[in-house]
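Protein chains in written order, with this note's numbering: chain A, 1 to 416; chain B, 1001 to 1115.
One structure is given here, and the rest of the page talks about it.
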Amino acid sequence: MPGLNNQDGDDSRATAAVVARQSYGRLVAFLSARTRDVAAAEDALSEAFAAALTVWPETGIPLKPEAWLLTVAKRKQIDQNRRQASDDGAHLQLGMIAEIMAQARPNDPAISDERLALMFACAHPAIDQRLHAPLILQTVLGFDAATIASAFLVSPATMAQRLVRAKAKIKLAGISLRLPDRDELPLRLDGVLQAIYAAYARGWSDPGGGPELATEAIWLCSLVADFFPKSAEALGLLALMLHGEARRPARRSGGVYVPLSEQDTGAWQSDMIEQAEEHLWRAGRLGTIGRFQIEAAIQSVHAARRNTGRTDWAAILQFYDVLATMVASPVVAVNRAVAIGEVHGSSHGLAALDQIARGNKSLADYQPYWAARAELLARDGRDAEAADAFDRAIGLECDPALRSYLRARRTRCPCD
Amino acid sequence: MQYLLMIYGNEADSKTASKEDNERMYAAYGAYTQAMKAAGVMVGADRLQPSATASTVRVRKDKTEVLDGPYAETKEQLAGYYLVEVPDLDAALVWAARCPGAQHGTIEVRPVWSM
């Protein structure tokens, strides 16, 4: 069947891309751990990496992917050095990298895995927090600035410029590629986990490059969780993302957005749910509670619907009550109001939303607030107000699938 | 690497500080400087006279202009500095956090441009 072959082709292309990114990240991290110069390491490997992304899906993944990348990079390096005979700083830097690359034998234990250290450098508190996730995506995974820019809704030129500046800061300010000490670990780990979650969140809704970003975020988090098996929050985040990813096939039906409560639980990927549950269980045994574990627990309650056929909203509300004391975020507050609406009735949910809206002007352009408000108003029978709120939500949404869902939902309320 | 830790604080506050407060501050800075020397990271350090004593100079079209006052009027003023030699930014940030001035004011940490 041609359809099936096509699927296989997509799969092998995706596998080649994943292996290329992982090998690339390993080499960038290895080189920059020695020079602190992430940009130069990327320069040295960029052409080889680009070649891998085009060649590997055709030829198959080489037996030693890092060896392949290094060999191609060295050849490019020699070309470059020949072209660039003038003795400027950049040349020296690249020359130094060429030297390190000449010494490094691929797949040799000497190429130690420094990717975690690189992630900690990218999510360093001395770097603008908004750049943590973009930097990790570029340096550890090799995403280009244009892809990252579109995921973060910034112009490619702006994103490229910010990334260049951040890499210059890593080098000039002397941010080391090393794992943090035990006493600073919790705080620094939190920065890395938040960056990973930001990358995942960017991959959540966008149907284009979304799935890839989400998969890579999950992979990065499992790298962190493997290295810090005592970090309950790393396990919690992993569980949270796996629960979300498990539902990806059910989130769209024929291109139309399907809200969680209406999803066909049979379309959820049970192997991911089981992995998520296992991670969450392990996290729970470590005895330190945190926001990611609670968010994962909420998703776990939703996931239980596939066995019980119902959603235990009282349990969800309890988790949101705890979460709201830990995280001052409009996302949490709005979701908590929705849970209140489910447990105590729509008028109580609306009262909770009113309370959030008081003194918080930023909600005026926050789509989930208006979508939640519209839903609760519609259930409360306040049709005209519901229609207005749906209009606000529709106007604020950029995902076309979600927009058409909201539009359909609006016409279901008998208001006009 | 060398880093300059620049201590910014509100001069108005320190003018109104009590004698006890001042003594506590001197003691804290004494201990901090001692600890830095013992760790072998201190390259140099100085306290500066208040910003009212500052003059700014610039040469424009071969003409030297001298102005009374600091470069920029800010809420917090540069009060002193430590120059440290440490392996990386994290180490410099740890020393900055230990500075008594960080309790009330702000420490700016800048890598030195090595030639």
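C-beta: ideal position from N, C-alpha, C; glycine also.
Source: prediction; values computed, not measured.
- In the DSSP annotation of this structure, the continuous segment of the alpha helix (DSSP H) that includes PRO156/A starts and ends at 156-172.
- Non-local beta-carbon contacts of ARG188/A in its own chain, meaning distances under 7 angstroms to residues more than five positions away in sequence, involve PHE120, PRO180 in chain order.
- In the DSSP annotation of this structure, ILE1107/B is not part of any alpha helix (DSSP H); the continuous beta strand (DSSP E) holding it starts and ends at 1106-1111.
- Contact between ALA339/A and ALA333/A fails: their C-beta atoms lie close to 11 angstroms from each other, not under 8 angstroms.
- Taken through DSSP and simplified to helix, strand or coil, MET1001/B comes out as coil.
- For LEU1078/B, the enclosing beta strand (DSSP E) covers residues 1077-1085.
- For LEU350/A, the closest of ARG75/A, SER46/A, ALA386/A, ALA328/A by C-alpha to C-alpha distance is ALA386/A.
- Under a 10 Å Cβ-count criterion, ILE78/A is classified as exposed, with fewer than 16 other Cβ atoms of the shown protein chains found around its own Cβ.
- With respect to TRP281/A, GLY244/A sits apart: the two C-beta atoms are not nearer than 8 angstroms.
- The residue from MET1115/B, SER1114/B, LEU1093/B with its alpha-carbon nearest to that of THR1106/B is LEU1093/B.
- Where VAL140/A is concerned, there is no enclosing alpha helix (DSSP H), because DSSP gives it neither an H nor an E.
- Under DSSP, the beta-bridge partners assigned to SER253/A are VAL256/A.
- Chain A places no beta carbon closer than 8 angstroms to that of LEU1083/B, leaving this residue out of the contacts.
- With distances taken between CA atoms, TRP56/A lies nearest to LEU69/A out of ASP226/A, LEU69/A, THR308/A, SER46/A.
- According to the DSSP assignment, LYS1019/B belongs to the alpha helix (DSSP H) that extends over 1019-1039.
- DSSP, read as helix, strand or coil, puts ALA304/A in coil.
- A distance below 8 angstroms separates the beta carbons of GLN367/A and GLU397/A.
- Residues of the same chain with a CB within less than 6 angstroms of the CB of GLU295/A, apart from the 5 flanking positions on each side, are LEU240 in chain order.
- In the three-state reduction of the DSSP assignment, ASP365/A falls in the helix class.
- The beta carbon of ALA246/A is closer than 6 angstroms to those of TRP268, GLN269, MET272, ILE273 in its chain, skipping five residues each way along the sequence.
- By the beta-carbon neighbour count (other beta carbons within 10 angstroms, threshold 16), PHE390/A is buried.
- Considered as a whole, the segment 36-90 of chain A harbours 38-59, 65-83 as its complete alpha helix (DSSP H) runs of no fewer than 4 residues, in chain order.
- For LEU172/A, the chain B residues whose Cβ falls inside 7 angstroms of its Cβ are PRO1111, in order along the chain.
- Counting along the chain, the unbroken alpha helix (DSSP H) around ASP388/A starts and ends at 383-396.
- Contact with chain B is found for SER176/A, since one of that chain's Cβ atoms lies less than 8 angstroms from the residue's Cβ.
- Between VAL224/A and VAL258/A, the gap from beta carbon to beta carbon reaches 8 angstroms or more.
- Of the residues SER346/A, ALA52/A, ALA374/A, SER46/A, the one whose Cα lies closest to the Cα of VAL28/A is SER46/A.
- Residue ARG26/A holds the alpha-carbon nearest to the alpha-carbon of LEU220/A among ALA372/A, ARG26/A, ARG358/A, ASP11/A.
- The Cβ atoms of ALA20/A and ALA52/A sit closer than 8 angstroms to each other.
- In its chain, beyond the 5 residues on either side, LEU193, ILE196, TYR197, CYS221, PHE292 have a beta carbon closer than 7 angstroms to the beta carbon of LEU237/A.
- Following the DSSP letters along the chain, one finds GLY1044/B inside the beta strand (DSSP E) bounded by residues 1042-1047.
- Chain A has a Cβ within less than 8 angstroms of the Cβ of LEU1089/B.
- In terms of Cβ geometry, PRO330/A and LEU377/A do not form a close pair [threshold 8 angstroms].
- About 5 angstroms separates the CB atoms of VAL1109/B and ALA1096/B; that is less than 8 angstroms, so the two are in contact.
- Between THR288/A and ALA232/A, the C-beta gap is smaller than 8 angstroms, which places the two residues in contact.
- Against chain A, the CB of MET1001/B has a partner CB under 8 angstroms away; the residue lies at that interface.
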